[in-house]
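Residue numbers (full-length UniProt numbering): 1 to 230.
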């Protein structure tokens with residue numbers, strides 16, 4: 001990273017921080033949502049599925065604006081959290097929230113496919129032996145879906161690294177505080193002589209994105225081999 005300037009390195013480091021936190025925090029919720037969509041039938045299931053995947057359809061700016069309305073200083077959720085010292089708007093935590101929401105559908109889809117590939121009879125057999133639902137999930141289901149969980153986490157991480165529209169709308173573009181890698185590229189392209197810095201960050205983005213995609217492909221193949229038994 002010696003060929004990156006201080007401002008460029010700040011943007012890369014902040015993007016990594018945002019993407020890691022967005023992935024780690026959303027992963028348990030992603031597993032839960034995928035389990036519900038795969039294993040449960042209930043009224044409103046289609047609506048829940050639509051809400052989870054809504055960020056894939058809405059323009060990212062709309063998602064960011066909705067987050068600003070809800071989690072901003074005057075928003076209903078933001079006003080409740082601010083006395084507790086929890087602030088999202090115009091903070092890196094808000095960037096992580098926005099990135100996590102935008103990446104959540106990709107994570108859920110990958111994990112749900114893994115749940116669908118697991119034969120429910122294996123879980124039922126473990127239950128008949130006296131194991132609790134939690135123990136069945138931890139000892140039977142989770143090991144079988146683990147490659148899908150890892151693939152979903154990698155996809156979510158890559159999406160969070162590249163999120164721009166929702167992030168810049170919700171937390172703005174403050175250098176050193178909320179300026180992630182995509183917003184830094186945008187900023188450098190707006191100033192004379194910034195093309196070189198933008199190109200360096202573009203190369204970093206390509207390396208990270210390709211690494212994530214290759215890792216996801218490898219994990220997807222492992223899932224296929226596990227399902228086919230080869």
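Glycine included, each C-beta is placed from N, C-alpha and C at the ideal position.
Pairwise C-alpha distance: residue 7 and residue 40: On the chain shown, position 40 is the one that residue 40 refers to. On the chain shown, position 7 is the one that residue 7 refers to. Roughly 48 angstroms separates the two Cα atoms.
Since residue 78 contacts residue 72 with CB under 8 angstroms, what's their CB separation in whole angstroms? As a working note, residue 78 is residue 78 in the chain shown. As a working note, residue 72 is residue 72 in the chain shown. Right, the Cβ-Cβ distance comes to about 5 angstroms (below 8 angstroms), so this counts as a contact.
Pick from 132, 162 and 143: whose alpha carbon is nearest that of residue 96? The residue given as residue 96 occupies position 96 in the chain shown. That would be 162, whose Cα lies nearest to the Cα of residue 96.
If you check the beta carbons only, do residue 219 and residue 155 fall under 7 angstroms apart? Your numbering for residue 219 matches position 219 in the chain shown. Your numbering for residue 155 matches position 155 in the chain shown. Cβ distance not < 7 angstroms, so residue 219 and residue 155 don't count as in contact.
What residue range is occupied by the uninterrupted alpha helix (DSSP H) comprising residue 194? Here residue 194 refers to the residue found at position 194 when the chain shown is read from its first residue. Run containing residue 194: none; DSSP gives neither H nor E here.
Going by beta carbon distance, what residues of the same chain come within less than 7 angstroms of residue 200, once the five residues before and after it are set aside? Position 200 of the chain shown, counted from the first residue, corresponds to residue 200. If we look at residue 200 and ignore the five residues flanking it on each side, its Cβ neighbours are 3, 4 and 8.
Between which two residues does the alpha helix (DSSP H) harbouring residue 109 extend? As a position in the chain shown, residue 109 is number 109, starting the count at 1. Looking at the DSSP string, the run of the alpha helix (DSSP H) that includes residue 109 is 92-117.
Residue 221 to residue 58 span [Cα, whole Å]: Along the chain shown, read from residue 1 onward, the residue named residue 221 stands at position 221. Along the chain shown, read from residue 1 onward, the residue named residue 58 stands at position 58. Straight-line Cα distance between these residues: approximately 30 angstroms.
Within the continuous alpha helix (DSSP H) that includes residue 166, where are the two ends? As a first step, residue 166 is located in the chain shown; it is residue number 166 there, counting from the start. Segment 165-171, the alpha helix (DSSP H) holding residue 166.
Count the other C-beta atoms from every protein chain shown that fall within 10 angstroms of the C-beta of residue 45, then say buried if there are 16 or more, exposed otherwise. Here residue 45 refers to the residue found at position 45 when the chain shown is read from its first residue. By the neighbour-count rule (16 or more Cβ atoms within 10 Å), residue 45 is not buried but exposed.
May I have the straight-line CA-CA distance separating residue 193 from residue 167, to the nearest angstrom? In the chain shown, residue 193 corresponds to position 193, counting from 1. In the chain shown, residue 167 corresponds to position 167, counting from 1. Rounded to the nearest angstrom, the two C-alpha atoms are 25 angstroms apart.
By DSSP, does residue 178 sit in helix, in strand, or in coil? Numbered from 1 along the chain shown, position 178 holds the residue referred to as residue 178. The answer is coil: DSSP assigns residue 178 none of H, G, I, E or B.
Using the three-state DSSP reduction, which class does residue 88 fall into: helix, strand or coil? Stepping through the chain shown from its first residue, residue 88 is reached at position 88. Here residue 88 sits in coil by DSSP.
So, helix, strand or coil for residue 216, using DSSP? Here the question's residue 216 lines up with position 216 in the chain shown. In this structure, residue 216 counts as helix in the three-state DSSP scheme.
Could you please give the first and the last residue of the uninterrupted alpha helix (DSSP H) stretch that includes residue 63? Working through the chain shown from its first residue, we reach residue 63 at position 63. Its alpha helix (DSSP H) spans residues 60-71.
Within 10 angstroms of the Cβ of residue 135, are there 16 or more other Cβ atoms? Answer buried if so, exposed if not. Position 135 of the chain shown, counted from the start, is the residue given in the question as residue 135. When all chains shown are included, residue 135 counts as exposed.
Mapping the DSSP letters down to three states, classify residue 83 as helix, strand or coil. Residue numbering aside, residue 83 sits at position 83 when the chain shown is read from its first letter. The answer is helix: DSSP assigns residue 83 an H, G or I state.
State whether the region 117-125 contacts the region 81-92, with contact taken as three or more CB pairs (one from each stretch) at a distance under 8 angstroms. no
Burial state of residue 133 (16 or more Cβ within 10 Å): Against the chain shown, residue 133 aligns to sequence position 133. Label assigned to residue 133: exposed.
Option nearest residue 148 by Cα separation, candidates 197, 107 and 32: Numbered from 1 along the chain shown, position 148 holds the residue referred to as residue 148. Residue 148 has its Cα closest to that of 107, out of 197, 107 and 32.
If you run the structure through DSSP and keep just helix, strand and coil, what is residue 4? Within the chain shown, the letter at position 4 stands for residue 4. Residue 4 falls in the coil class under three-state DSSP.
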